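Residue numbers (full-length UniProt numbering): 1 to 163.
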Amino acid sequence: MVQRWLRSKIPNQASLHQHKLLRLFGKRWLDPDYWRYNRHSVATAIACGLFAAWLPLPLHSLVAIGLAILLRGYLPLAIAMVWVNNPLTIAPMFYVAYHLGVRLLGLPVLEFSHALEHDLTSIIWPLLTGALLLGLACALCGWLLTHLYWRWKIQKAWKARRR
């Protein structure tokens, strides 16, 4: 059930082949290994997509694709996991990242209504620090939970076969 729904939502190789920005990766992303669905490639794709979703940069999908190619992840799922960051979630995500960065760097919290008027760099460093840390934490949790879920699902299937 989940696999059918997921396959209907993630882009396929033919639709991605038409995008001009993907030429940055050459023909490497067309390798069939990046389009195979297994435990390692799925866990890696989830980690890459979640990490890229936290970055306060444009073109999150390109970052996720680059990481997935580098780490041999399932490309369609890496792109789909970036959708965690959407217009409804971006503000709370970056707000939490900024406040975490401020605490880690020991800086004073700026009011967002006047922060852009003063200095953009006083916002960027805490935001990047918090976003990178939260991106790494979410990527690690996503990778670990995917492996645990996959293992549980296989054990459940083996138990059902034994019966």
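Positions of the beta carbon are idealized from the N, C-alpha and C atoms, including for glycine.
Because the structure is a prediction, the values reported are computed rather than measured.
So, does the region 140-154 touch the region 40-50, judging by three or more C-beta pairs under 8 Å?
By the C-beta criterion, the region 140-154 is judged to be in contact with the region 40-50, since at least 3 inter-stretch pairs fall below 8 Å.
Note down the Cα distance separating A157 from L132, rounded to an integer number of angstroms.
Their backbone Cα atoms lie some 37 Å apart in a straight line.
Cα-Cα separation, R162 to R36
Near 28 Å, if we compare the C-alpha coordinates of R36 and R162.
Secondary structure of T89, DSSP reduced to three states
Secondary structure of T89 (DSSP, three-state): coil.
Cβ pair Y34, L75 closer than 8 Å:
For Y34 and L75, yes; Cβs fall inside 8 Å.
Using only alpha-carbon positions, find the residue among L57, P126 and S122 that is nearest to N86.
Ranking the options by Cα distance to N86, first place goes to L57.
Starting from W54 and walking both ways along the alpha helix (DSSP H), at which residues does that stretch end?
According to the DSSP assignment, W54 belongs to the alpha helix (DSSP H) that extends over R39 to W54.
Mind checking which residues open and close the alpha helix (DSSP H) that includes W143?
Segment T121 to R162, the alpha helix (DSSP H) holding W143.
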